[in-house]
Amino acid sequence: MIRLLAILTLFAFLPTDATAVDPDDLLADPKLEARARDVGRHLRCLVCQNQSIDDSDAQLARDLRVLVRERIVAGDSNQKVIDYVVSRYGDFVLLQPPFKAKTYVLWFGPAAFLVLGGLVAFMFYRRRGDGATQAAAPLTDAERRKLAEIMKSDDA
Amino acid sequence: MRLPLAAFLVIGGYLAVGLTLDPHKLPSMLQGEPVPPFDLPPIKGRGDKGFASTDLVGQVSLVNVFASWCVACRVEHPFLMKIKENGWVPVHGIDWREKTPDTGPAWLKRFGDPYTLIGDDPRSKAAIAFGVTGAPETFVVDHVGVIRYKHVGPISAEVWEKTLQPLIEHLRKAPAS
Chain A
0 MIRLLAILTL FAFLPTDATA VDPDDLLADP KLEARARDVG RHLRCLVCQN
50 QSIDDSDAQL ARDLRVLVRE RIVAGDSNQK VIDYVVSRYG DFVLLQPPFK
100 AKTYVLWFGP AAFLVLGGLV AFMFYRRRGD GATQAAAPLT DAERRKLAEI
150 MKSDDA
Chain B
0 MRLPLAAFLV IGGYLAVGLT LDPHKLPSML QGEPVPPFDL PPIKGRGDKG
50 FASTDLVGQV SLVNVFASWC VACRVEHPFL MKIKENGWVP VHGIDWREKT
100 PDTGPAWLKR FGDPYTLIGD DPRSKAAIAF GVTGAPETFV VDHVGVIRYK
150 HVGPISAEVW EKTLQPLIEH LRKAPAS
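Line by line, the protein sequences give chains A and B.
Okay, so the first sequence: first residue is 0 according to numbering that gives the first Met the number 0, each after it adds one.
Okay, so the second sequence: first residue is 0 according to numbering that gives the first Met the number 0, each after it adds one.
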C-alpha cells in the first residue's frame, strides 16, 4: 500500500510542459504565449541543433525566444516571425524542412527507397521461385531406356 | 550481382561527402544582401558613439563578432591586431553577449583593441539580425554596405591571404554595383 502511494506520488511530479523558457520571459497574455510556444517549437536552436529553441538552454536560444515574443507582441503573425528567422538563418533553422524542389530528395527519399527495396525483393524471390518450382523436362526415349537398364542391372 | 554494389557505392558516396561537412557551417543567408539595420550602443570606457549599420557605407570593411567568453576569439585576436597595425582594412566589432558591461572592455584592455568601432550587443539584437550562430564570425562588407562574405571561425593568416585579402582587393577595385 505504501509502495503504491509512493509510486502515485512520483506521478504527481511528472513534468507536463517541460521547456527551457525562462519564467521572466513569459508573456502575460496566455494566448500570445501559446503562439510564442508554437513558433518556438518549430525553430531549431543553432547552437545545439537538434533541440528547438524552446527546449534549449543555450544563450542564443533564449535571445531567439525573446525575439519571437517581441515580434508577436508587436503584432506579427506566427508565419511572419518564422519567415524573419528563416531570412537570417536559412531553412536549416526550421525543424520541419519546407516542401520545395530543393528538399524533394528528403521528402520522397524514404518512399523511393521502399519502392526500390520492394522491387529488388520481388525480383530476387521471383527468380528463386522460378528455379524451385520449374517442372523437370520430361525424359527422352533414349534416357528412359537407359534408366530402365540401370534399374534392371540394379535388381540383378 | 551488380545492382547492390552500385547502390552501395552511390549511397556510400553521398554519406562520405556528408561526413566531411560541418553542420555548424551554415551558408549565410545574407551574402549579397545589405547589412541588416542595427544601432548598437558603445561599450564601456571607449568614449565613442557605438556602432550602427549606417557606419558601414563608404569603404570596404570587416564586421567581427567577438566576446570575452569566446576562446576562439583569443586565437584570432593577434591577427586582428596585425590587420590594425598594418592598416589593411578597418575592422568593426560587435561585442556579443557579455555577462556584464565590464567583461568586454577588460578583455580589450588586457589583449589590445583592434577595432575601429565597437557596438555592445548583450541581447543578440544585431547578432540575430546577422544570422550569427557562434563567435567569432566575420563579415566582409563592401563600400555600399552589402555583405559579400561570411567567415565562420577564427581568422588565420591563411584565411586572410587566401580568401579575405583577395576579396577585399577585388571589392575595392569594383565600381559600385
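Backbone N, C-alpha and C fix where the C-beta goes; we use that ideal spot for every residue, glycine too.
Excluding sequence positions up to five before and after residue 103(B), its CB lies within less than 6 Å of the CB of 42, 67, 94 and 97, all in the same chain and listed in chain order. Boundaries of the alpha helix (DSSP H) around residue 70(A): 58 to 72.
Contact annotation for residue 132(B) against chain A: 45, 46, 59 and 88 [CB-CB distance below 8 Å, chain order]. With a threshold of 9 Å between beta carbons, residue 122(B) makes contact with chain A. Put simply, the CB of residue 66(A) is near chain B, with a gap under 9 Å to one of its CB atoms. Under the Cβ distance rule, residue 147(B) does not count among the residues neighbouring chain A, no pair being separated by less than 9 Å.
Nothing from the region 79 to 94 of chain B brings a Cβ to less than 8 Å from some Cβ of chain A. Taking 9 Å as the cut-off, the Cβ atoms of residue 124(B) and residue 39(B) count as close. By the neighbour-count definition (other C-beta atoms within 10 Å, threshold 16), residue 169(B) is an exposed residue. Here residue 154(B) really is in contact with residue 75(B); their C-beta atoms are around 5 Å apart, less than 8 Å.
In this structure, DSSP gives residue 102(B) a helical state, which the three-state scheme calls helix. Within chain B, the residues placing a beta-carbon under 7 Å from that of residue 63(A) are 127, ordered along the chain. Per the coordinates, the alpha-carbon of residue 24(A) lies some 8 Å from the alpha-carbon of residue 64(A). Residue 49(A) carries a coil assignment under DSSP once its states are collapsed to helix, strand and coil. Around residue 36(B), the same chain offers 52 as residues with beta carbons nearer than 7 Å, after the five sequence neighbours per side are excluded. Residue state for residue 134(B) is assigned as coil, using DSSP reduced to three classes.
Counting the other CB atoms within 10 Å of its CB gives residue 70(B) a total below 16, which places it among the exposed residues.
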